[in-house]
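Since the structure comes first, as structure tokens, the remarks are kept for the end.
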Amino acid sequence: MKRWMQILTALALGAIFGLGLSLSGMLDPMLVRGFLDVTGTWDPSLAFVLGGAVLIASAGMVVRRRLRRPAFDDAFHLPAITPIDTRLVLGSAIFGIGWGMAGLCPGPALASLSLGLAPVAIFDIAMLVA
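Structure representation (structure tokens):
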């Protein structure tokens, strides 16, 4: 029963996340590029999406601190804190360059599969292979 609840919860939250990405415009690469192009025709509208995401994540962290364990698991599975190293900086730079070039990052790229566009499917396959 607990495992099914984990799966159903993940599915529901993933669907809500994908819907949020769609409604916010994050599935539109041109809108994302406009936001990232601070020296050209900058479009600050996605800053509100970022602000909303920070508020929701902050609220989630406050709630998590008050809980001893999650509802459908024995413990929280949080990443370990690691120092900033060359590998992290290079990976972050590659991520940012790819996001700026394609206008898609992993979450919106996967959610964009719902649009049924062949270039998005090719992008997702390349992302998974890399």
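Per numbering that gives the first Met the number 0, the sequence shown starts with residue 0, numbered consecutively. Even glycine gets a Cβ: it sits at the ideal position worked out from N, Cα and C.
According to the neighbour-count rule (16 or more other Cβ atoms, all chains shown, within 10 Å of its Cβ), is glycine 102 buried or exposed? Stepping through the sequence shown from its first residue, residue 102 is reached at position 103. Buried, since its Cβ has 16 or more Cβ neighbours within 10 Å.
Quick check: what's the CA-CA separation for alanine 129 versus leucine 22? On the sequence shown, residue 129 is found 130 positions in, with the first residue counted as 1. On the sequence shown, residue 22 is found 23 positions in, with the first residue counted as 1. Using only the alpha carbons, I get a separation of about 28 Å.
State whether the region 120 to 127 contacts the region 96 to 111, with contact taken as three or more CB pairs (one from each stretch) at a distance under 8 Å. yes
What residue range does the alpha helix (DSSP H) around glycine 99 cover? For the purposes of this step, residue 99 is identified with residue 100 of the sequence shown, where counting begins at 1. Glycine 99 -> alpha helix (DSSP H) spans 85 to 101.
Who are the Cβ neighbours of leucine 112 in its own chain at under 8 Å, not counting the five residues just before and after it? Mapped onto the sequence shown, residue 112 falls at position 113. Within the same chain, leucine 112 has close Cβ partners Val119, Ala120 and Asp123.
The region 42 to 60 in contact with the region 18 to 33 per 3-pair CB rule at 8 Å: yes
Once the 5 residues before and after phenylalanine 47 are set aside, which same chain residues still bring their CB inside 6 Å of it? The residue you call residue 47 lines up with position 48 of the sequence shown. No residues qualify anywhere along the chain.
DSSP state of tryptophan 41, grouped into three classes? What you label residue 41 is simply residue 42 of the sequence shown in a count that begins at 1. Note: tryptophan 41 maps to coil in three-state DSSP.
Closer than 8 Å by C-beta to arginine 32: which residues in its own chain qualify, once you throw out the five before and the five after it? Chain order, please. The count along the sequence shown starts at 1 and reaches residue 32 at position 33. The answer, listed in chain order, is Gly99 and Gly102.
Boundaries (first-last residue) of the alpha helix (DSSP H) holding aspartate 36: To locate residue 36, count along the sequence shown from 1; it is residue 37. Note, aspartate 36: premise wrong, no alpha helix (DSSP H); not H, not E.
Let me know the secondary structure DSSP gives isoleucine 124 once reduced to three states. Against the sequence shown, residue 124 aligns to sequence position 125. Reduced to three states, the DSSP call for isoleucine 124 is helix.
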